[in-house]
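Number of protein chains: 2
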Amino acid sequence: MVEEIAKKTKKASFKLQNATTEEKNDALLKIKEALIEEKDKIMEANKIDVEKAKKNNLKSSLIDRLLITEKRFNSMVNGIDVVIELPDPCGEVIEEIRRPNGLLIKKVRVPIGVVGIIYESRPNVTCDATILCLKSGNSVILRGGSEAINSNKTIVSAIRKGISRSVLPEDCVSFIDRPERELVYKMLELDEYIDLIIPRGSEQMIKAIKEKSKIPVIGHGKGLCHLYVDKDADIDMAVRITLNAKVQRPGVCNAIETLLVHESIASEFLPKVQSELEKHNVELRGCEKTRKILTSIKDATEEDWWTEYLDLILSIKIVESVDEAISHINFYGSKHSEAIVTNNNENAKKFLNYVDASTVYHNASTRFTDGGEFGMGAEIGISNQKLHARGPMGLKELTTYKYVVYGNGQIRE
Amino acid sequence: MVEEIAKKTKKASFKLQNATTEEKNDALLKIKEALIEEKDKIMEANKIDVEKAKKNNLKSSLIDRLLITEKRFNSMVNGIDVVIELPDPCGEVIEEIRRPNGLLIKKVRVPIGVVGIIYESRPNVTCDATILCLKSGNSVILRGGSEAINSNKTIVSAIRKGISRSVLPEDCVSFIDRPERELVYKMLELDEYIDLIIPRGSEQMIKAIKEKSKIPVIGHGKGLCHLYVDKDADIDMAVRITLNAKVQRPGVCNAIETLLVHESIASEFLPKVQSELEKHNVELRGCEKTRKILTSIKDATEEDWWTEYLDLILSIKIVESVDEAISHINFYGSKHSEAIVTNNNENAKKFLNYVDASTVYHNASTRFTDGGEFGMGAEIGISNQKLHARGPMGLKELTTYKYVVYGNGQIRE
């Protein structure tokens, strides 16, 4: 059954790959209209999922993620307009080379083909991910979590209804509507039909998918991010950035988990930052040196340096130099977002060059690692891998390229 | 032992990543000098490998690949000068975005980190691959075939001697000098230290590596390439290109294996191309329709359409339309290099758009898919995957990017 779906989706992808920008935008508009038409059905189906989740005693944070409120529905639907307005990445000539033998070589941006999205909980992903895939010319196979299956089914059905009113084939968007986990494993084997897997969910889920998949995977991974306050930092700025990076939205991947502080500034900086963080109920855990200054806080253990709290907890370590900060980050970090606060340009340069992460910041909060904040308009995830795409992934990162070579009879000597 | 090596190589990679172009070029020059100094030792070691291979009754083509002749040694060493002259891809600012909040976001090209190269037979790969990795700022872990172990050891030892005379750490280049296959499997698990695996060898070897690896793999894959002669082809050009694509070097991945011919031109084209191909001892195998025209040739079976002969054999199929040619290619092809010969621009456009391959040609031989022919100066392989790099991989394809964000205290609202 999964193989049949994948085959159909692949077939549809050739038509989609060669659709014009106008054709794709028209399909997106029709999807928006169909979603609005089917709103009541979608809300009804969502109610069923939420009731079931409550019966099954799912965590309240998960139930909240599952819930489609009026506001969330509108933001999902209006998000389509945003993507319609974004420039189409396909067809861009990235490079053009004229060879001495007369060959004209064009490196042209093209869709990847078929993208498999494996995700949990939030049903708006069904729509958001589909819209980004279609705009970038990719067919999509969706596999949502079983807890959201009714919501997802109605959303996909509306999406396909919308597409059927455009020139694109409905099979550009497919949905695996049965809950068995084996179907995911089957999907991960179909490298003939699926070109890329994007998993969105827990670290364990992404790890399991990477290990099982024969298809390349770009995971929206863990974010164990650090802020390093250098000896030459502006202390007020450092306090402000620490607070923002930890407190503004602690449950997201670009929030910080560990604060590194240069020893020569620690006794002045730490009490100030402590008083601000504690106003926001942040629990602090410190290394031995830190606890000599902040005597009331808990001990930070080796495990803390490895932990993505996703919560109002912050571990603090005092370091002797920018080099020690860099080593700590490169050892414990998740290659996501890392920041230095300093007015010392030499140290900043060292930090930005030597820290191995998708995004490195000088005097700014790590919270900016986001497709919207980067001006991409929308994002399908944030990659902390190094190949193909790094950091926020927008439309361009959902494409590959192809060499198109024009000759007039050239042969190789 | 492999883990120790990988750890050291990773450590050295941070220094290398931040080396200037001058420092890298100086190291390459010193490697060249050391290789010339150690030439006798290298030739001596190669003799031992070749003798052993003869004793073990290795195929003569393999023994030939193993052999370092005077000419091959010189071309290996002179290849270093070519790479020294190539522009350094690292540090290039790919994009620069100034955000309304004042953040300056630079998307900067950086090395990948540590590249693992797993290869067979040809000892010159030891040098060629190392030079490309170093110039692009990547450390490298080499794992050559056991049949070339003595040659490879002496080459690596000369390379490391050269590096030791530069400011770069010797551990930028490591070699796994024991023959056990388990060491390769161990290597494929070290995703903490190795960022990319490039296998060069047989299809089976690449497949096994892809299945076992926890590290992203870009394989220099199979090349099952086609030439489609359209109804509006210039017949002389079509004959010339067929001959070149099949005969000029049949054992390489960008040679063609199957010829697709439009039915309306077949009876004129096929006898002409047959007479030329048979002058070069090419064995022809045809579909039923083909054999009505070329009555003396063998039958082409389903298996033929799947076969990369790498030899003087060509399968021929008559098709009814450009669409049938495209379907055949997308079904049987290896997404490598595909060509159409036609004077019909509409058919050409359709072919170039709809054929799913790293490189598509209009009126030129598939043999041009090559880093040198594309003007890259050198290549580490040809990718027929879609992610990260497609087609010939040169220095730029050995890099990734990093977002470097400059602020003056920005926090996210």
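In order, the protein sequences belong to chains F and C. Okay, so the first sequence: first residue is 539 according to the working numbering, each after it adds one. Okay, so the second sequence: first residue is 539 according to the working numbering, each after it adds one. The beta carbon of each residue, even a glycine, is placed where N, CA and C say it ideally should be.
**OP:** Verify the CB distance criterion: does VAL678(C) have a CB-CB separation below 9 Å to chain F?
**Re:** Your numbering for residue 678(C) matches position 140 in the second sequence. VAL678(C) does not count as touching chain F.
Original post:
Can you list, in chain order, the stretches of the beta strand (DSSP E) that have 3 or more residues and sit fully within the stretch 792-852 of chain F?
Top reply: 794-800, 821-824
Original post:
Based on the DSSP output, what are the partners of SER677(C) in its beta bridges?
Top reply: Within the second sequence, residue 677(C) is the residue found at index 139, counting from 1. Answer by DSSP bridge pairing, in chain order: VAL652(C).
Subject >> Selection of the stretch 671-696 of chain C by Cβ proximity to chain F, strictly under 9 Å >> reply: none
Subject >> Whether LYS784(C) touches THR828(C) by CB criterion (9 Å) >> reply: Here the question's residue 784(C) lines up with position 246 in the second sequence. Here the question's residue 828(C) lines up with position 290 in the second sequence. Contact: no.
Original post:
Do the stretch 883-900 of chain C and the stretch 726-733 of chain C touch if we need at least three Cβ pairs shorter than 8 Å?
Top reply: no
Original post:
What do you get for THR607(C), buried or exposed, if any count of 16 or more other CB atoms within 10 angstroms of its CB means buried?
Top reply: Taking the first residue of the second sequence as 1, we reach residue 607(C) at position 69. The residue in question, THR607(C), is exposed, as its Cβ has fewer than 16 Cβ neighbours within 10 Å.
**OP:** Taking a Cβ distance cut-off of 8 Å, strictly less, list which residues of the stretch 895-916 of chain F are near chain C, in chain order.
**Re:** ALA895, SER896, THR897, VAL898, TYR899, HIS900, ASN901, ALA902, SER903, ARG905, PHE906, THR907, GLU911, PHE912, GLY913
Original post:
Roughly how many whole angstroms lie between the Cα atoms of LYS748(F) and VAL652(C)?
Top reply: Here the question's residue 748(F) lines up with position 210 in the first sequence. Here the question's residue 652(C) lines up with position 114 in the second sequence. So the alpha carbons of these two residues sit roughly 20 Å apart.
**OP:** May I ask you to report which of helix, strand or coil DSSP gives ASN901(F)?
**Re:** As a working mapping, residue 901(F) is identified with position 363 in the first sequence. Here ASN901(F) sits in strand by DSSP.
Original post:
Taking a cut of 7 Å between CB atoms, which residues from the stretch 546-562 of chain F lie near chain C?
Top reply: PHE552, ASN556
Original post:
Do we get a CB-CB distance below 9 Å when we pair GLY947(C) with the residues of chain F?
Top reply: One-based indexing of the second sequence puts residue 947(C) at position 409. Chain F, which has a Cβ nearer than 9 Å to the Cβ of GLY947(C), makes this yes.
Subject >> Own chain residues within Cβ distance below 7 Å of LEU726(C), not counting five before or after >> reply: Residue numbering aside, residue 726(C) sits at position 188 when the second sequence is read from its first letter. Cβ within range, chain order: ILE735, ILE747, LYS750, SER751, LYS752, ILE753.
Subject >> Local Cβ density within 10 Å of ASN782(C), reported as buried at 16 or more and exposed below that >> reply: What you label residue 782(C) is simply residue 244 of the second sequence in a count that begins at 1. It counts as buried.
Original post:
ARG647(F): which of CYS665(F), GLY640(F), PRO625(F), ILE656(F) sits nearest, CA to CA?
Top reply: On the first sequence, residue 647(F) is found 109 positions in, with the first residue counted as 1. The residue with the shortest Cα to Cα distance from ARG647(F) is PRO625(F).
Subject >> Sub-9 Å separation of GLU634(C) and LEU642(C) beta-carbons >> reply: Stepping through the second sequence from its first residue, residue 634(C) is reached at position 96. Stepping through the second sequence from its first residue, residue 642(C) is reached at position 104. Result yes, Cβ atoms of GLU634(C) and LEU642(C) sit closer than 9 Å.
Subject >> Cross-chain neighbours of GLY651(F) in chain C, by beta carbon under 9 Å >> reply: Looking up residue 651(F) in the first sequence gives position 113. Those within 9 Å of GLY651(F) in chain C are ASP894, LYS924.
Original post:
For ARG823(C), is the classification buried or exposed, using 16 other Cβ atoms within 10 angstroms of its Cβ as the cut-off for buried?
Top reply: Translated into positions along the second sequence, residue 823(C) becomes position 285. By the neighbour-count rule (16 or more Cβ atoms within 10 Å), ARG823(C) is buried.
Original post:
So, is PHE713(C) buried or exposed, given that buried needs 16 or more other C-beta atoms within 10 angstroms?
Top reply: The residue given as residue 713(C) occupies position 175 in the second sequence. The residue is buried, with at least 16 neighbouring Cβ atoms inside 10 Å.
Subject >> Rounded straight-line distance, which links the Cα of THR559(C) to that of ARG521(C) >> reply: Examination of residue 521(C) is not possible in this model, given that chain C is present from 539 through 951 alone.
**OP:** Compute the Euclidean distance between the alpha carbons of ASP786(F) and ARG950(C), then round it to the nearest angstrom.
**Re:** Translated into positions along the first sequence, residue 786(F) becomes position 248. Translated into positions along the second sequence, residue 950(C) becomes position 412. The residue asked about is misnamed: residue 786(F) is Gln in this sequence, not Asp. Near 8 Å, if we compare the C-alpha coordinates of ARG950(C) and GLN786(F).
**OP:** Report yes or no: is there a C-beta of chain F within less than 9 Å of the C-beta of LEU933(C)?
**Re:** The residue labelled residue 933(C) in the question sits at position 395 within the second sequence. By this cut-off, LEU933(C) is not an interface position.
Subject >> Nearest to VAL777(C) (by Cα), restricted to the options LYS549(C), THR904(C), CYS628(C), LEU808(C) >> reply: By 1-based counting over the second sequence, the position of residue 777(C) is 239. Selected option, being the one with the closest Cα: LEU808(C).
Original post:
Where does GLU862(F) fall in DSSP's three states?
Top reply: Sequence index remark: in the first sequence, residue 862(F) carries index 324 (1-based). GLU862(F) falls in the helix class under three-state DSSP.
Original post:
So, does the CB of GLN786(F) fall closer than 9 Å to a CB anywhere in chain C?
Top reply: Here residue 786(F) refers to the residue found at position 248 when the first sequence is read from its first residue. Closer than 9 Å: yes.
Subject >> CA-to-CA distance, PRO737(C) to MET743(C), given in whole angstroms >> reply: On the second sequence, position 205 is the one that residue 743(C) refers to. On the second sequence, position 199 is the one that residue 737(C) refers to. Spanning the two alpha carbons is a distance of roughly 8 Å.
Original post:
Do we get a CB-CB distance below 9 Å when we pair ASN882(C) with the residues of chain F?
Top reply: In the second sequence, residue 882(C) corresponds to position 344, counting from 1. It does not: the Cβ of ASN882(C) has no partner Cβ on chain F nearer than 9 Å.
Original post:
Can you tell which of SER813(F), ASP861(F), MET775(F), VAL942(F) has the C-alpha that lies nearest to the C-alpha of ASN881(F)?
Top reply: Here residue 881(F) refers to the residue found at position 343 of the first sequence. Ranking SER813(F), ASP861(F), MET775(F), VAL942(F) by Cα distance to ASN881(F) puts MET775(F) first.
**OP:** Check whether the Cβ atoms of LEU765(C) and ILE803(C) sit closer than 9 Å, and answer yes or no.
**Re:** Stepping through the second sequence from its first residue, residue 765(C) is reached at position 227. Stepping through the second sequence from its first residue, residue 803(C) is reached at position 265. Taking 9 Å as the Cβ cut-off, LEU765(C) and ILE803(C) do not qualify as a contacting pair.
Original post:
Under the three-state reduction of DSSP, which class applies to GLY617(F): helix, strand or coil?
Top reply: What you label residue 617(F) is simply residue 79 of the first sequence in a count that begins at 1. DSSP places GLY617(F) in helix when its eight states are reduced to three.
Subject >> Helix, strand or coil at CYS628(F) [DSSP, three-state] >> reply: Residue mapping note: residue 628(F) aligns to position 90 of the first sequence, counting from 1. Of the three classes helix, strand and coil, the one that applies to CYS628(F) here is coil, per DSSP.
Original post:
So VAL879(F) is in the beta strand (DSSP E); what residue range does that whole segment cover?
Top reply: As a position in the first sequence, residue 879(F) is number 341, starting the count at 1. It spans 875-879 - the beta strand (DSSP E) in which VAL879(F) sits, taken as one unbroken run.
Original post:
Who are the neighbours of LEU890(C) on chain F, taking C-beta pairs under 8 Å?
Top reply: Working through the second sequence from its first residue, we reach residue 890(C) at position 352. The answer, in chain order, is VAL942.
Subject >> Beta-carbon spacing of ASN792(C), PHE906(C) below 9 Å >> reply: Taking the first residue of the second sequence as position 1, residue 792(C) is located at position 254. Taking the first residue of the second sequence as position 1, residue 906(C) is located at position 368. Yes.
Original post:
When the cut-off is 9 Å and only beta carbons count, does ILE779(C) lie next to chain F?
Top reply: Walking along the second sequence from the start, residue 779(C) turns up at place 241. Chain F, which has a Cβ nearer than 9 Å to the Cβ of ILE779(C), makes this yes.
**OP:** Give every residue of the same chain whose Cβ lies closer than 7 Å to the Cβ of GLU708(F), excluding the five residues on either side of it in the sequence, and list them in chain order.
**Re:** The residue you call residue 708(F) lines up with position 170 of the first sequence. Around GLU708(F): ARG698, ILE701, SER702.
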